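Heads up: the structure comes next, in structure tokens.
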Amino acid sequence: MRFATLFCFGLSGTMFGQDSTRIDFSGYVKNLQTLSFTDNVDSILLTNLIHNRINFSLQKGKHFFFNAGLRNLIFTGDQVKYTPRFNKTLSHDNGYLDLTNGWAQTNSLLFVSTFDRLNIGWNFKNGSVQVGRQRINWGINPFWNPNDIFNTFNFLNFDYTERPGIDAARVSFNFKSQSNLEIAIAPAKNDSSIIGAIKYGFNKWGYDFQLLAGNYRTDIVGGFGFAGNIKEAGWKSEVTYFQPRKNNYESTGSISVSSGIDYGFRNGWYLNGSFLYNSAASNQLYAIAQLTSFQITPKTLMPSRLNFLVQAVKTFTPLFIGNFSILYSPKVNLLAILPYLSYSIRENWDLDLVIQSFFAKNANGDFSTLGNSVNLRLKWSF
Amino acid sequence: MEKNSQANTINEMKLFKSIINTIFFCLSCLLVGFGQTSDEIIKKSEDNMRGKTLRGTMNIKTIRPTWSREMSVNIWLKGNDYAMILVKSPDRDKGITYLRRKKELWNWMPILEKTIKLPPSMMSQAWMGTDFSNDYLVKESSLTTDFESVLQKDSTVDSRVCWKVVLTPKENAAVVWGKVVLFIDKTDYLQLRNEYYDEDGSVLNVAHATEIQKMGGRTIVTSLEMKLTEKAGNKTIITYQSIVFDEMIDDNFFSTANMKQIK
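Chains as they are written, first to last, in numbering that gives the first Met the number 0: chain C, 0 to 381; chain X, 0 to 262.
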């Protein structure tokens, strides 16, 4: 019900359109077919996802704005049938507000809608205020973002480009000389889940720097990040330190650090080498779900403490892009091979082939398959 | 998806630079000069082609033997140091924005709500298999610094009488071209045809003005075609829809904060 009310509220935004009102409407429809299997090809799971996204934004005069992002997802097939709690997990809203509704849930079908953006705001001379479900993106690196304490995401979840939003209030100030200050707070139903932090960003010596401090659930956090370059190569790093609030003298803090170097070559190649160290990780890998689960935190972005990733991207033609990544986590001996091919069929029509294969050393010391998924996705943007 | 976005970023970034290249090229078509030396003509053109500021909309069509794609962008330039480009179409890429402040380059990806700082090596990449390189941009903006120029016998392009200026790289200049030849219209001081040669003297790229109009209060080349001579059927056509010169644009317009706001 609340869902419906908010949706109506969202639409009502269009009603007070006047001269200075600007409305933008966009989105896409995707069809994603996924084949999942381990070594045994007889036990292939076939799942289909029809994924529709609608973005709506309204700007009234210079100051007022409203944004909504609605996802409609229709899952059918084996994963719905065989994954424990599949329907329950996906039709549950993790936010402060419940903006998710499951329209149909059967043994083999799930139709769910969720607002991952629903916010209003006000621009003032040197900044803005924004309240509601929004994305507060403080990350710098492409894969692992210890600084992204509000909207932690799993880079292996390739189909959720926009990433989840968080119910929060945020104030931003922009100063001259490219510096800025952001204060954000995300309330929670229990005190131990509140996130609130302040971030200061500035540009110096050709680098973008940021410093952040605040509270992440049960921890006090302090972080630092930058994006700059070493000669012609790009260099991006993030570090966040987490100190548990309760029993400080007993609990040890933890640290998440990520860093990466990237380079674009004249012949259309692009390379990125990155690592992540997160000291709070368990260093134990039991199941593939630990990697593909969406419940990661900025303290534990990966199950292994140390992780390396090398990515190579080649633009074969403007229409055809190949992308190949290898992930290796030494302690747990995890190896992931992640090829990705993207082809533009025609304007606003894309066809992607995404393969994810995970291997780990078994008790005998041999690499064995943890899981594979082959994904074919057709996307129409509007 | 970040990976794919990164790939898109690379692609778009390449496009950005090509657009900048093109803008500078188009503006360089405003070359003026009355009996000056070739260096003076080029110098004056380089001052002119940037104006104090520029705001405009343009269409970029990439053509290949079996396909073509079109893109529409809004651009803002201030002198040599600041540039902003906003992609308006196609729908897939709408809202992607690029910002250059001196040597620094950023990309705003609306779909990720993320500002990405791009490495300098991206500045020197060729883009999208089309007909521009980034060295083209850099060298285009410093022709008198890196090249010795010589006026040759007048020539005719599209029935217009032109100065023919031949540029050869100065010693130790880090340029990719072995030679550049400019054909500059003697009436309106426009670059009607530019030829880019490799070190062996073979022509690699040819830029050709295909439309001349009065726009933004100046007579300028409003459409040009860039062809790769090695690959028949490969070309890029750039057409200005509108241009406003010398409008007041504050330096702070070219900020990472504003990059997210402009529409």
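Think of the CB as a built atom: it goes at the ideal place given N, C-alpha and C, for glycine as much as any other residue. Predicted model, so just to flag it, every value in this text is computed and none were measured.
Limits of the unbroken alpha helix (DSSP H) element including residue i
i, result
"leucine 142 of chain X", "142 to 145"
"threonine 291 of chain C", "288 to 291"
"glutamine 260 of chain X", "255 to 260"
Minimum Cβ-Cβ distance from residue i to chain C less than 8 Å
i, result
"leucine 85 of chain X", "no"
"glutamate 273 of chain X", "Since the displayed chain X opens at 0 and closes at 262, residue 273 of chain X lies outside it and no answer follows."
"serine 254 of chain X", "yes"
"lysine 138 of chain X", "Caution applies to lysine 138 of chain X, whose pLDDT of 39 falls short of 50 and renders its modelled position unreliable; the model cannot decide the point."
"glutamate 198 of chain X", "no"
"threonine 129 of chain X", "Because threonine 129 of chain X sits at a pLDDT of 46, beneath the cut-off of 50, its placement in the model cannot be relied upon, and the point is left open."
"proline 64 of chain X", "no"
"isoleucine 99 of chain X", "Per the sequence shown, residue 99 of chain X should be read as arginine rather than isoleucine. No, no contact with chain C."
"asparagine 204 of chain X", "no"
"lysine 262 of chain X", "yes"
"asparagine 251 of chain X", "yes"
"threonine 61 of chain X", "yes"
"leucine 111 of chain X", "yes"
"lysine 116 of chain X", "yes"
"glutamate 39 of chain X", "no"
"glutamate 103 of chain X", "yes"
Test: residue i CB closer than 8 Å to a CB of chain A
i, result
"methionine 121 of chain X", "Chain labels in this structure do not include chain A; the protein chains are C and X."
Residue-level contact to chain X via CB, residue i, 8 Å cutoff
i, result
"alanine 167 of chain C", "no"
"asparagine 363 of chain C", "no"
"serine 372 of chain C", "no"
"lysine 237 of chain C", "Looking at the sequence provided, one finds glutamate at residue 237 of chain C rather than lysine. No, glutamate 237 of chain C does not count as interfacial toward chain X."
"glutamine 17 of chain C", "Note that glutamine 17 of chain C scores 47 on pLDDT, short of 50, meaning its location in the model is unreliable and no value can be drawn from it."
"glycine 233 of chain C", "yes"
"arginine 21 of chain C", "yes"
"glycine 205 of chain C", "yes"
"valine 130 of chain C", "no"
"alanine 67 of chain C", "no"
"serine 35 of chain C", "no"
"tyrosine 262 of chain C", "yes"
"asparagine 146 of chain C", "no"
"asparagine 160 of chain C", "According to the sequence shown, residue 160 of chain C is threonine rather than asparagine. For threonine 160 of chain C, the answer is yes, since a Cβ of chain X falls inside 8 Å of its Cβ."
"arginine 134 of chain C", "yes"
"alanine 226 of chain C", "yes"
"asparagine 347 of chain C", "yes"
"phenylalanine 55 of chain C", "no"
"phenylalanine 381 of chain C", "yes"
"serine 25 of chain C", "yes"
Start and end residues, beta strand (DSSP E) containing residue i
i, result
"leucine 89 of chain C", "Element bounds for leucine 89 of chain C: not the beta strand (DSSP E) but the alpha helix (DSSP H), 85 to 89."
"glutamine 78 of chain C", "No beta strand (DSSP E) holds glutamine 78 of chain C; the alpha helix (DSSP H) holding it covers 77 to 81."
"arginine 345 of chain C", "333 to 345"
"phenylalanine 55 of chain C", "44 to 59"
"asparagine 233 of chain X", "No beta strand (DSSP E) holds asparagine 233 of chain X; DSSP gives it neither H nor E."
"serine 171 of chain C", "165 to 173"
"histidine 62 of chain C", "Here histidine 62 of chain C belongs to no beta strand (DSSP E), and DSSP marks it neither H nor E."
"valine 238 of chain C", "232 to 243"
"phenylalanine 264 of chain C", "Here phenylalanine 264 of chain C belongs to no beta strand (DSSP E), and DSSP marks it neither H nor E."
"alanine 226 of chain C", "218 to 229"
"leucine 210 of chain C", "206 to 215"
"asparagine 277 of chain C", "268 to 277"
"threonine 105 of chain C", "First-last for threonine 105 of chain C: undefined, no H or E at that position."
"aspartate 351 of chain C", "348 to 360"
"isoleucine 320 of chain C", "319 to 328"
"glutamine 32 of chain C", "20 to 36"
"serine 178 of chain C", "Taken as a continuous stretch (DSSP letters only), serine 178 of chain C belongs to no beta strand (DSSP E), as it is neither H nor E."
"glutamine 129 of chain C", "126 to 133"
"threonine 368 of chain C", "366 to 380"
"tyrosine 199 of chain C", "194 to 203"
Complete beta strand (DSSP E) runs within the stretch 63 to 130 of chain X (minimum length 3 residues, chain order): 66 to 77, 81 to 88, 96 to 100, 103 to 108, 113 to 117
Cβ pair count under 8 Å reaching 3, the stretch 186 to 193 of chain X against the stretch 208 to 227 of chain X: yes
Validate contact between the stretch 69 to 80 of chain C and the stretch 104 to 112 of chain C using beta carbons, cut 8 Å, 3 pairs: yes
Contact set between the stretch 142 to 168 of chain X and chain C, restricted to residues whose Cβ is under 9 Å from the partner: none
Cβ-based contacts, 9 Å cut-off: residues of the stretch 208 to 233 of chain X near chain C: none
Residues, ordered as in the chain, of the stretch 318 to 334 of chain C that lie near chain X by beta-carbon distance below 8 Å: Leu318, Ile320, Asn322, Ser324
Residues of the stretch 168 to 199 of chain C with Cβ closer than 7 Å to any Cβ of chain X, in chain order: Asn173, Lys175, Gln177, Asn179
Touching by the beta-carbon criterion (3+ pairs, under 8 Å), the stretch 314 to 333 of chain C and the stretch 289 to 304 of chain C: yes
Three or more C-beta pairs below 8 Å linking the stretch 368 to 378 of chain C and the stretch 347 to 354 of chain C: yes
Interface residues of the stretch 68 to 97 of chain X facing chain C [CB-CB below 7 Å]: Arg68, Pro89, Asp90, Arg91, Lys93
Residues of the stretch 90 to 119 of chain C with Cβ closer than 7 Å to any Cβ of chain X, in chain order: none
Three or more C-beta pairs below 8 Å linking the stretch 232 to 241 of chain X and the stretch 48 to 62 of chain X: yes
Runs of beta strand (DSSP E) lying entirely within the stretch 165 to 207 of chain X, each at least 3 residues, in chain order: 178 to 184, 190 to 196
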